[in-house]
Every structure is written in C-alpha cells, then in structure tokens.
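**Q**
In the working numbering, the protein residues as written are 22 to 222.
Laid out in structure tokens, this is it:
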C-alpha cells in the first residue's frame, strides 16, 4: 500500500521493543496502523494504533504509554505526591509531554498553578493531536507550558513549588541529566518547605 508509514521497530505487523536497558526481555504489541513518525530535534517519535492497547506513544524505540493502561502510571506518580502535601498550590511537572500527569494534577482543586516543562515540543504537539484524553490537561486555565530543558528551567527557581513531579523518559538521550545528582539538588532547591518530589525510576 503506497504512502503507508513504516518504522524499523515494526516487523510482520508487530512492534518490538528490544533494549540493552532490559536484558533478557522484550515487549511486543500488534500494530493496526502507524499513525505518525518523525525525528524531532531530540528523539525519534512514533505513534501507532495497536490492536489491543489503543494508541501507543514510543520515544527512541521505547514505549512511553498506551491508551489502555496509561492511567495506572499517571495516577500513581501524581496522586501519591499530591496527597502527601497538605495544600499543593504550585506544581511543576518536568517531562510529561503526553499530558497525562498534568491531567491528574489539575484534578486537585487546591492547585493554583501547574507548570509543565518538556524539552520536546513534538511530544506535546503530537500528544494533543493523537492522545486527546491523555493531553486534556493542557487546556486547563491553571496550566502553563514551557518548552525547554528541565534542568536549566529548575536553576531559575528557589523555594517555589509545593510538588515537583519528574515524568521523564529513560536515563539516556534527552532525559539523561534528570537522573544525576546535580538535578536532584536543583529539585530540592526549587521546593517550598515541606514540599514533595516524585520521579519515575
């Protein structure tokens, strides 16, 4: 079929995630249709419709989320932090360009401002287009979006945020600095007294 989008990770109708980060295992999903593929300034971005998990977002050949089960990750990383603070008014999300964590943050009425900082505008743009349920939080009036490096963004803030959630991709490529000691010092410095940090690991 001419014009059909292909990708190196898809063979015989199956997406395959095979990585040295996960030795001895692989993840496969049956592909119904590739919806979008592009190489952004920072990473390879693939979105496909799977037969059983809905739409799937893949960054640098690693699955980031699927429509079927994204809630389990987004809710846990968000609500544990939000409910561990007595009154989280100002919240920062580093990464999270799919918008799922942001969607969960703004469910808390006490939030006055939620800022999302993601380095890759392509992830934000494509999530809005292909993952509307996940990215619904971008439309909330309390939300501000900053496209840029989360490490550099944090350096400008002291004692500002009640909750900071790092929803990054894996510890290589554009998110590598978000797994190193200097980043955690910046997180600590940007927190208000009694503030809460949560991060994917």
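Glycine included, every Cβ here is placed at the ideal spot set by N, Cα and C.
Tell me the rounded alpha-carbon separation between residue 203 and residue 172.
**A** Along the chain shown, one-based indexing puts residue 203 at 182. Along the chain shown, one-based indexing puts residue 172 at 151. Cα to Cα, the separation comes out at about 9 Å.
**Q** Could I get the ranges of all uninterrupted beta strand (DSSP E) runs contained in the region 90-131, with 3 residues as the minimum, in chain order?
**A** You should have 111-116.
**Q** Pull up the distance between the alpha-carbon of residue 196 and that of residue 33, whole angstroms please.
**A** Start at 1 with the first residue of the chain shown, and residue 196 comes out as number 175. Start at 1 with the first residue of the chain shown, and residue 33 comes out as number 12. In this predicted model, residue 196 has a pLDDT of only 49, less than 50, meaning its place in the structure is not dependable; the value taken from the coordinates is given anyway. Computed Cα separation, rounded: 31 Å.
**Q** How is residue 3 classed by DSSP in three states: helix, strand or coil?
**A** The chain is shown only over 22 to 222; residue 3 falls outside these bounds and no answer can be derived.
**Q** Tell me which residues share the same chain as residue 28 and place their Cβ nearer than 7 Å to its Cβ, disregarding the 5 neighbours each side in the sequence.
**A** The residue labelled residue 28 in the question sits at position 7 within the chain shown. Around residue 28: 55, 58 and 67.
**Q** DSSP beta-bridge partners for residue 76?
**A** Translated into positions along the chain shown, residue 76 becomes position 55. Paired residue(s): 70.
**Q** Okay, do the region 98-106 and the region 156-172 touch, 3+ Cβ pairs below 8 Å being the bar?
**A** The region 98-106, when compared against the region 156-172, does not touch it at the 8 Å Cβ threshold.
**Q** Give me whichever residues DSSP pairs with residue 184 in a beta bridge.
**A** Here the question's residue 184 lines up with position 163 in the chain shown. Note: residue 184 sits in a beta bridge opposite 112 and 217.
**Q** Run through DSSP, which three-state label would residue 176 get?
**A** Taking the first residue of the chain shown as position 1, residue 176 is located at position 155. Of the three classes helix, strand and coil, the one that applies to residue 176 here is coil, per DSSP.
**Q** If we count the other Cβ atoms within 10 Å of its Cβ and call it buried at 16 or more, is residue 93 buried or exposed?
**A** Position 72 of the chain shown, counted from the first residue, corresponds to residue 93. Exposed, since its Cβ has fewer than 16 Cβ neighbours within 10 Å.
**Q** Quick check: what's the CA-CA separation for residue 102 versus residue 122?
**A** Within the chain shown, the letter at position 81 stands for residue 102. Within the chain shown, the letter at position 101 stands for residue 122. The straight-line gap from Cα to Cα measures roughly 11 Å.
**Q** What are the boundary residues of the alpha helix (DSSP H) that residue 25 is part of?
**A** Within the chain shown, numbered from 1, the residue matching residue 25 stands at position 4. That residue, residue 25, is in no alpha helix (DSSP H); it is neither H nor E in DSSP.
**Q** Is DSSP giving residue 149 helix, strand or coil here?
**A** Taking the first residue of the chain shown as position 1, residue 149 is located at position 128. Of the three classes helix, strand and coil, the one that applies to residue 149 here is helix, per DSSP.
**Q** Can you tell me whether DSSP reads residue 42 as helix, strand or coil?
**A** Taking the chain shown and counting its residues from 1, one reaches residue 42 at position 21. Three-state DSSP puts residue 42 in coil, outside helix and strand.
**Q** To the nearest angstrom, how far is the alpha carbon of residue 153 from that of residue 217?
**A** On the chain shown, residue 153 is found 132 positions in, with the first residue counted as 1. On the chain shown, residue 217 is found 196 positions in, with the first residue counted as 1. Their Cα atoms are separated by approximately 28 Å.
**Q** Of the residues 91, 115, 128 and 76, which one's Cα is nearest the Cα of residue 109?
**A** Reading the chain shown from its first residue, position 88 is the one you call residue 109. Here the closest residue by C-alpha is 128.
**Q** In this structure, does DSSP put residue 134 in helix, strand or coil?
**A** Within the chain shown, residue 134 is the residue found at index 113, counting from 1. Looking at residue 134 - three-state DSSP - the assignment turns out to be strand.
**Q** Between the alpha carbons of residue 214 and residue 165, how many angstroms are there, rounded?
**A** Here residue 214 refers to the residue found at position 193 when the chain shown is read from its first residue. Here residue 165 refers to the residue found at position 144 when the chain shown is read from its first residue. If I take the Cα positions, the gap works out to 23 Å.
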